[in-house]
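By UniProt numbering, the letter at position 315 of the sequence shown is numbered 315, and the numbering carries on one by one without gaps.
For glycine and all other residues, C-beta sits at the position ideal for the given N, C-alpha and C.
Structure first, then comments.
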Amino acid sequence: SRGQCNGSQGRGTERGGVSSGLRGWARSSALLAPGVASLRPVDVKGEIARRERDYVTNGRLRFFWQAGRQAGRQAVRTRSPAAVLLNPRPTDGGLKVELSDCEGPGASMVLKMSVWIQAQQLQGEALHQMQSLYGQHFPIEVRHYLSQWIEAQLWDSVDLENPQEEFKAKRMLDSLIQELQKKVEHQVGEDGFLLKIKLGHYATQLKNTYDRCPLELVRCIKHILYTEQRLVREATNASSPGGGMLDSMSQKYQQLNQAFEELRLLTQDTDNDLRKLQHSQEYFIIQYQESLHIQAQLGNLSALPPSDRVLREPALLSKRATMEAWLTREANTLQKYRLDLAEKHQKTLQLLRKQQTTILDDELIQWKRRQQLAGNGGPPEGALDVLQSWCEKLAELICQNRQQIRRAEHLRQQLPIPGPVEELLTELNNTITDIISALVTSTFIIEKHPPQVLKTQTKFAATVRLLVGGKLNVHMNPPQVKATIISEQQAKALLKNENTRNESSGEILNNSSVMEYHQTTGTLSAHFRNMSLKRIKRSDRRGAESVTEEKFTVLFESQFSVGGNELVFQVKTLSLPVVVIVHGSQDNNATATVLWDNAFAEPGRVPFAIPDKVMWPQLCDALNMKYKAEVQSNRGLSEENLVFLAQKAFSSASTSPEDYRSMTMSWSQFNRESLPGRNFTFWQWFDGVIELMKKHLKLHWNDGAILGFVNKQQAQDMLMSKPNGTFLLRFSDSEIGGITIAWVAENPNKAESVTSTTFCSCILTGQRMRSSPNTTPRLTVCTFLDSSKAVDGYVKPQIRQVVPEFATANPDPSSGNPTYMDHAASPSVSHPHIYGIYPPIVCVNFVLIYPDRNDSMLDGDGEFDLEDTMDVARHVEELLRRPIENQWSGQQPQPAC
Numbered sequence: 001s002r003g004q005c006n007g008s009q010g011r012g013t014e015r016g017g018v019s020s021g022l023r024g025w026a027r028s029s030a031l032l033a034p035g036v037a038s039l040r041p042v043d044v045k046g047e048i049a050r051r052e053r054d055y056v057t058n059g060r061l062r063f064f065w066q067a068g069r070q071a072g073r074q075a076v077r078t079r080s081p082a083a084v085l086l087n088p089r090p091t092d093g094g095l096k097v098e099l100s101d102c103e104g105p106g107a108s109m110v111l112k113m114s115v116w117i118q119a120q121q122l123q124g125e126a127l128h129q130m131q132s133l134y135g136q137h138f139p140i141e142v143r144h145y146l147s148q149w150i151e152a153q154l155w156d157s158v159d160l161e162n163p164q165e166e167f168k169a170k171r172m173l174d175s176l177i178q179e180l181q182k183k184v185e186h187q188v189g190e191d192g193f194l195l196k197i198k199l200g201h202y203a204t205q206l207k208n209t210y211d212r213c214p215l216e217l218v219r220c221i222k223h224i225l226y227t228e229q230r231l232v233r234e235a236t237n238a239s240s241p242g243g244g245m246l247d248s249m250s251q252k253y254q255q256l257n258q259a260f261e262e263l264r265l266l267t268q269d270t271d272n273d274l275r276k277l278q279h280s281q282e283y284f285i286i287q288y289q290e291s292l293h294i295q296a297q298l299g300n301l302s303a304l305p306p307s308d309r310v311l312r313e314p315a316l317l318s319k320r321a322t323m324e325a326w327l328t329r330e331a332n333t334l335q336k337y338r339l340d341l342a343e344k345h346q347k348t349l350q351l352l353r354k355q356q357t358t359i360l361d362d363e364l365i366q367w368k369r370r371q372q373l374a375g376n377g378g379p380p381e382g383a384l385d386v387l388q389s390w391c392e393k394l395a396e397l398i399c400q401n402r403q404q405i406r407r408a409e410h411l412r413q414q415l416p417i418p419g420p421v422e423e424l425l426t427e428l429n430n431t432i433t434d435i436i437s438a439l440v441t442s443t444f445i446i447e448k449h450p451p452q453v454l455k456t457q458t459k460f461a462a463t464v465r466l467l468v469g470g471k472l473n474v475h476m477n478p479p480q481v482k483a484t485i486i487s488e489q490q491a492k493a494l495l496k497n498e499n500t501r502n503e504s505s506g507e508i509l510n511n512s513s514v515m516e517y518h519q520t521t522g523t524l525s526a527h528f529r530n531m532s533l534k535r536i537k538r539s540d541r542r543g544a545e546s547v548t549e550e551k552f553t554v555l556f557e558s559q560f561s562v563g564g565n566e567l568v569f570q571v572k573t574l575s576l577p578v579v580v581i582v583h584g585s586q587d588n589n590a591t592a593t594v595l596w597d598n599a600f601a602e603p604g605r606v607p608f609a610i611p612d613k614v615m616w617p618q619l620c621d622a623l624n625m626k627y628k629a630e631v632q633s634n635r636g637l638s639e640e641n642l643v644f645l646a647q648k649a650f651s652s653a654s655t656s657p658e659d660y661r662s663m664t665m666s667w668s669q670f671n672r673e674s675l676p677g678r679n680f681t682f683w684q685w686f687d688g689v690i691e692l693m694k695k696h697l698k699l700h701w702n703d704g705a706i707l708g709f710v711n712k713q714q715a716q717d718m719l720m721s722k723p724n725g726t727f728l729l730r731f732s733d734s735e736i737g738g739i740t741i742a743w744v745a746e747n748p749n750k751a752e753s754v755t756s757t758t759f760c761s762c763i764l765t766g767q768r769m770r771s772s773p774n775t776t777p778r779l780t781v782c783t784f785l786d787s788s789k790a791v792d793g794y795v796k797p798q799i800r801q802v803v804p805e806f807a808t809a810n811p812d813p814s815s816g817n818p819t820y821m822d823h824a825a826s827p828s829v830s831h832p833h834i835y836g837i838y839p840p841i842v843c844v845n846f847v848l849i850y851p852d853r854n855d856s857m858l859d860g861d862g863e864f865d866l867e868d869t870m871d872v873a874r875h876v877e878e879l880l881r882r883p884i885e886n887q888w889s890g891q892q893p894q895p896a897c
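Here it is in structure tokens:
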């Protein structure tokens with residue numbers, strides 16, 4: 001890589017040896033990670049943690065850090081007096097610095113830090129969470145000494161749900177053991193002796209633990225890395241000013257953590273009060289037994305002689321009176337303790353319910369909503385680790401308070417004292433049971449949904465997870481989960497608690513799975529890897545509803561007990577709506593049903609109610625999200641594109657976006673009624689555009705080389721003022737998935753005229769065009785119109801096929817006659833002359849079409865047919881050698897196509 005410094009170019013180099021400054025940097029700085037020096041745009045290769053290289057930027061810069069307490073206050077210096085690193089600023093996972101004597105692209109760089117170095121700077125609760133990630137399953141020493149190697153591995157490339165990936169995981173385990181053994185071999189001296197023994201023990205321990213289940217090692221390390229990154233990110237956002245949305249998220253997390261801390265203190269306080277109550281009650285019972293003993297002694301006085309009775313009776317009566325007064329007073333005190341404890345429990349349960357509502361009804365529902373939008377191409381919903389940690393904290397606090405309430409009830413039964421405490425304890429017990437029931441049933445969720453367009457006789461997968469399973473020890477008796485497909489009406493009846501008599505709307509093969517507990521990540525989940533819908537039973541359709549508008553859902557249900565079989569839970573959860581198809585031709589309309597449902601479903605709806613009409617801007621957001629995801633492009637639909645779509649959807653001629661903002665579009669307009677004058681719907685046309693982009697023109701769309709969303713009149717207006725040979729590509733109005741090429745061509749009656757031809761998908765994939773031999777005109781010069789300017793061609797020179805027989809072996813550059821090989825250079829290369837091609841060859845998306853022949857120059861496989869094109873190639877080679885005069889006198893030469 002190259003950087004610009006003092007007007008000269010230099011190349012980053014590497015040399016052997018370690019400078020003292022770099023060594024001090026690597027050892028003393030708490031901010032630089034092993035192997036993480038990443039400089040942009042000056043790319044300095046190498047890995048600092050190895051401490052075996054010296055980094056030189058632009059041939060002479062060496063730099064190191066002086067460690068400080070905060071990243072933003074690091075004094076960054078260089079060994080060269082000519083260049084100093086200035087203005088260190090914390091950035092995402094690193095430090096951005098500037099070079100004092102550099103200008104241009106190389107004037108700044110970002111020093112990247114490893115996650116492990118940043119994780120070591122965590123404090124408080126975050127540090128405690130990071131430390132809790134490690135244990136016998138993965139020692140923290142292994143993470144420390146192999147931090148560079150661990151962070152360099154592609155752990156995410158291993159699919160944990162695919163058993164066939166076990167071989168790849170085994171290789172990674174073996175590599176980890178080898179790296180540990182290398183560390184062991186390099187430990188020398190007195191200080192390294194104990195470390196050598198310890199690391200050798202860890203290597204043996206990891207091999208014994210994961211040798212039979214290497215996927216669990218990958219799962220463990222992925223969980224550790226993700227959690228460390230999250231903790232570091234949260235800590236960075238909390239300390240950085242102006243974090244925007246990230247700051248608000250951090251603030252929300254901080255509020256939740258503060259609420260958990262308050263609940264922990266309240267629970268600890270009630271536990272202390274309960275201990276005091278138990279101690280006071282035990283002492284009360286002892287004194288009560290003493291009072292009974294005194295009463296027995298008084299009863300035995302009648303058997304004594306009168307003289308003895310007179311001597312002992314007054315003392316016993318006085319003692320009894322004193323004891324009864326104390327017992328009465330102490331009974332009132334105990335009752336007050338019980339009432340105070342019950343009131344504290346009421347307050348705790350109120351806060352618990354509020355915290356649980358925030359997590360389950362806000363955070364978890366938002367996660368499910370993001371999961372639903374991800375089905376339309378939205379951003380990933382994110383991992384469940386944070387939600388699970390919150391739910392587990394809730395479960396722990398709920399169980400502690402439940403145990404306290406049960407202990408309080410046990411104390412009341414041991415010493416019944418009349419009063420309102422009995423009713424309060426009954427109410428508290430019912431409340432805590434409701435809270436834990438809501439937690440358990442709400443945290444039985446679908447982590448990976450079945451495909452929403454589900455084809456019969458096709459294998460599919462799903463994953464169900466219980467977020468509190470590990471904390472409640474459900475895995476001690478692993479429950480079984482069953483999957484059933486039900487109709488929309490059956491789902492409605494299920495939510496109304498109506499008896500559905502275990503009815504289903506189809507048969508799913510391999511529809512049961514046992515929940516497995518992964519100790520390394522603390523997750524309890526059931527994986528359905530080989531389900532298949534054998535058959536489907538459809539219901540009577542309403543009106544114009546088609547089979548691709550009928551929605552089903554996969555019901556997952558299980559049963560398990562908590563707390564020693566005291567509480568038995570029957571949990572159920574529904575998947576996102578599923579459209580069942582039996583043929584690939586139904587996929588288009590089924591996708592429309594799914595997209596509409598995912599985009600416009602409201603939380604808490606009755607299954608699967610959706611609005612029949614939506615605002616046009618809402619639909620635009622959904623279409624844009626889907627388009628970007630399917631085409632895999634950051635270039636979404638512009639405002640001009642959306643206006644074009646609105647014109648097509650509403651049969652309008654208005655070009656103002658404001659005219660459409662208040663308009664609504666119904667489901668019928670979207671994918672039930674055909675567009676005026678066409679035999680396809682709006683969605684079918686739009687989906688055809690998506691398929692066209694995905695299969696043929698994705699690279700050119702990302703390059704900005706396709707205007708696409710332009711109607712015929714707009715295309716003519718744009719081309720009329722352009723020179724002969726200018727052309728543009730737009731999506732066909734009349735063909736689903738077709739591309740229309742409009743160009744400026746010669747016309748005997750006019751100076752110039754605009755002509756267009758539509759090519760369907762079969763042409764774009766390289767099939768022959770025997771029926772339309774003369775669809776493309778003879779263009780002397782082809783220029784491309786990109787919005788307002790012509791560019792040097794839009795097809796990237798990725799693959800070049802050369803026919804040696806027709807290429808000049810030793811071209812003479814001084815002759816002024818460029819050869820075929822010269823002309824075949826990258827389109828970005830400008831030539832001093834314009835070369836005519838007659839008859840011309842027009843390049844249309846990887847297909848070369850020769851106008852005067854009755855056949856394409858490609859064979860059925862999309863390759864050049866040498867036998868058919870022999871004469872043509874010779875003729876073209878001859879023509880390419882002939883320069884022609886510039887057709888536009890006084891103008892710059894136009895780029896050749």
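Runs of alpha helix (DSSP H) lying entirely within the stretch 616 to 683, each at least 4 residues, in chain order: Given a length threshold of 4 residues, each whole run of the alpha helix (DSSP H) inside the stretch 616 to 683 is given here in chain order: 616 to 631, 639 to 650 and 667 to 671.
Locate the alpha helix (DSSP H) running through residue 925, then write down its first and last residues. This structure cannot settle anything about residue 925, because the visible part of the chain is limited to 1 through 897.
Leaving aside the five residues before and after Phe731 along the sequence, list all residues of the same chain whose C-beta is less than 6 Å from its C-beta, in chain order. Around Phe731: Val689 and Gly708.
Considering only residues of the stretch 164 to 198, which uninterrupted beta strand (DSSP E) runs meet the minimum length of 3 residues and lie entirely inside it, listed in chain order? Taken in chain order, the whole beta strand (DSSP E) runs of length 3 or more contained in the stretch 164 to 198 number zero.
Cα-Cα, which of Met625, Ile221 and Ile285 is closest to Pro380? It is Met625 whose Cα lies nearest to the Cα of Pro380.
Do the stretch 546 to 564 and the stretch 483 to 493 meet, that is, are 3 or more Cβ pairs less than 8 Å apart? A contact between stretches requires three or more CB pairs, one per stretch, nearer than 8 Å, and the stretch 546 to 564 meets this requirement with the stretch 483 to 493.
For the stretch 343 to 363 against the stretch 435 to 445, are there 3 or more C-beta pairs whose distance is under 8 Å? With a cut-off of 8 Å on Cβ pairs, the stretch 343 to 363 is in contact with the stretch 435 to 445, counting three or more such pairs.
Might you give, ordered along the chain, the residues of its own chain that have their beta carbon closer than 6 Å to the beta carbon of Pro478, omitting 5 neighbours on each side? Within the same chain, and ignoring the five residues on either side of Pro478 in sequence, the residues whose Cβ sits closer than 6 Å to its Cβ are Val514 and Met515.
Are there 16 or more other CB atoms within 10 angstroms of the CB of His696, so buried, or fewer, so exposed? The residue is buried, with at least 16 neighbouring Cβ atoms inside 10 Å.
How is the alpha helix (DSSP H) around Asn588 delimited, first residue to last? In the DSSP annotation of this structure, the continuous segment of the alpha helix (DSSP H) that includes Asn588 starts and ends at Asp587 to Phe600.
As assigned by DSSP and simplified to three states, the class of Thr520: Of the three classes helix, strand and coil, the one that applies to Thr520 here is coil, per DSSP.
Could you say which of Ala342, Ala601, Asp362 and Gln287 lies nearest to Glu330 if we only look at CA atoms? When each option's Cα is compared against that of Glu330, the closest is Gln287.
Write down every uninterrupted run of the beta strand (DSSP E) in the stretch 478 to 516 whose length is 3 residues or greater and which is fully enclosed by it, in chain order. Taking only runs of at least 3 residues, the beta strand (DSSP E) segments lying wholly in the stretch 478 to 516 are 480 to 487, 506 to 509 and 512 to 514.
For the stretch 205 to 213 against the stretch 169 to 181, do three or more pairs of beta-carbon atoms, one drawn from each stretch, fall closer than 8 Å, so that the two count as touching? Yes: the two stretches touch, three or more of their Cβ pairs being nearer than 8 Å.
Tell me which residues share the same chain as Leu225 and place their Cβ nearer than 8 Å to its Cβ, disregarding the 5 neighbours each side in the sequence. Cβ-Cβ distances below 8 Å link Leu225 to Val115, Ile150, Glu151 and Trp155 in the same chain, with the five nearest sequence neighbours on each side left out; the list follows chain order.
Please state whether DSSP places Ile610 in a helix, a strand or coil. Coil at Ile610, not helix or strand.
Minimum C-alpha distance to Leu699 - residue among Glu422, Asn634 and Leu454: Of the residues Glu422, Asn634 and Leu454, the one whose Cα lies closest to the Cα of Leu699 is Asn634.
Contact between the stretch 571 to 579 and the stretch 442 to 458 is defined here as three or more beta-carbon pairs at a separation below 8 Å; is this criterion met? Counting Cβ pairs under 8 Å, three or more are found: they touch.
Since Ser389 is in the alpha helix (DSSP H), which residue starts that stretch and which ends it? Residues Asp385 to Gln414.
Quick one: what's got a C-beta closer than 8 Å to Gly375's C-beta in the same chain, skipping five residues either side? Only His449, Gln452, Leu576, Val594 and Asn598 meet the Cβ criterion.
What would DSSP say about Ile359, mapped onto helix, strand or coil? Secondary structure of Ile359 (DSSP, three-state): helix.
What does a CB cutoff of less than 7 Å around Glu216 pick up in its chain, not counting 5 residues either side in sequence? Hits under 7 Å: Tyr210, His518 and Thr520.
Ignore the nearest five residues each way along the sequence and tell me which others in Trp683's own chain have a CB closer than 6 Å to its CB. Shown here for Trp683: same chain residues with a beta carbon closer than 6 Å to its own, the five before and five after excluded, namely Ala592, Phe670 and Asn671 in chain order.
Residue 901, buried or exposed, once every other Cβ within 10 Å from all chains shown has been counted against 16: As shown, the chain starts at 1 and ends at 897. That puts residue 901 outside it, with no answer to give.
Given this structure, state the Cα-to-Cα distance separating Tyr253 from His279, to the nearest angstrom. Cα to Cα, the separation comes out at about 39 Å.
Any chance the stretch 295 to 304 sits against the stretch 362 to 375, with 3 or more Cβ pairs inside 8 Å? At 8 Å Cβ cutoff, the stretches do not touch.
Three-pair Cβ contact test at 8 Å for the stretch 315 to 326 versus the stretch 401 to 419: Using a C-beta cut-off of 8 Å, the stretch 315 to 326 makes no contact with the stretch 401 to 419, since fewer than three inter-stretch Cβ pairs fall below that distance.
Residues bridged to Ser567 [DSSP beta-bridge criterion]: Residue identity check: residue 567 is Leu in the sequence provided, not Ser. DSSP lists Val562 as partners of Leu567.
If you draw a straight line from the C-alpha of Val188 to the C-alpha of Thr573, how long is it? Looking at the two C-alpha atoms, the distance is approximately 58 Å.
C-alpha gap between Leu231 and Leu428, whole angstroms: Each residue's Cα considered, the two are about 36 Å apart.
Answer yes or no: do Val614 and Met665 have a C-beta to C-beta separation smaller than 8 Å? Taking 8 Å as the cut-off, the Cβ atoms of Val614 and Met665 count as close.
Can you tell me whether Asp687 is buried or exposed, with buried defined as 16 or more other CB within 10 angstroms of its CB? Looking at its Cβ environment, which holds 16 or more other Cβ atoms inside 10 Å, Asp687 is buried.
Taking all protein chains shown into account, decide if Lys471 is buried (16 or more other Cβ within 10 angstroms of its Cβ) or exposed. Lys471 is classed as buried because its beta carbon has at least 16 other beta carbons within 10 Å across all chains shown.
Through-space distance from Gln647 to Ala653, alpha-carbon basis: Between Ala653 and Gln647, the C-alpha separation is close to 6 Å.
Take the Cβ of Gln9 as the centre, count every other Cβ of all protein chains shown within 10 Å, and call the residue buried at 16 or more, exposed below. Only weak support is given to the placement of Gln9: the predicted model assigns it a pLDDT of 38, under 50, and the question is left unresolved by the model.
Residues bridged to Met531 [DSSP beta-bridge criterion]: For Met531, which the question treats as bridged, DSSP gives the partners Phe460.
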